[in-house]
Amino acid sequence: MPEVRVLRQYCKGCGLCVAVCPVHCLRMSDEVTPGGVQPAEVVETVDCTGCLRCHTVCPDAAIEVYE
Ligand code: SF4
Ligand code: SF4
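Taking my numbering, the leading residue of the sequence shown gets 987, the next gets one more, and so forth.
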């Protein structure tokens, strides 16, 4: 199962990764960072296929996917 990591310090909360994941591994956090951003977070990666769409779509290189 791939490991998906959101690098909160780079996330600007645009939500593109959440929208693009076909198996709903990601969501927007309820928390707001000190910088005023509501970042993406990983829900569950059990269905993650490692397709890299989240990584590819992120404009700020804030998502890493490891096999
Ligand atoms: S790699 Fe693909 S399936 Fe896995 S979290 Fe990213 S978009 Fe979703
Ligand atoms: S696409 Fe990148 S910047 Fe946008 S919410 Fe997802 S991790 Fe954050």
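Ideal Cβ placement from N, Cα and C applies to all residues, glycine included.
query	result
DSSP bridge partner residues for Val990 (one or two, in chain order)	Val1051
Inter-residue Cα distance where the pair is Gly1036 and Gly1022	30 Å
Proximity test, Leu993 beta-carbon vs ligand 1 heavy atom, cut-off 7 Å	no
8 Å Cβ cutoff met for Val990 and Ile1049	yes
Proximity below 8 Å, CB of Arg994 to CB of Thr1031	no
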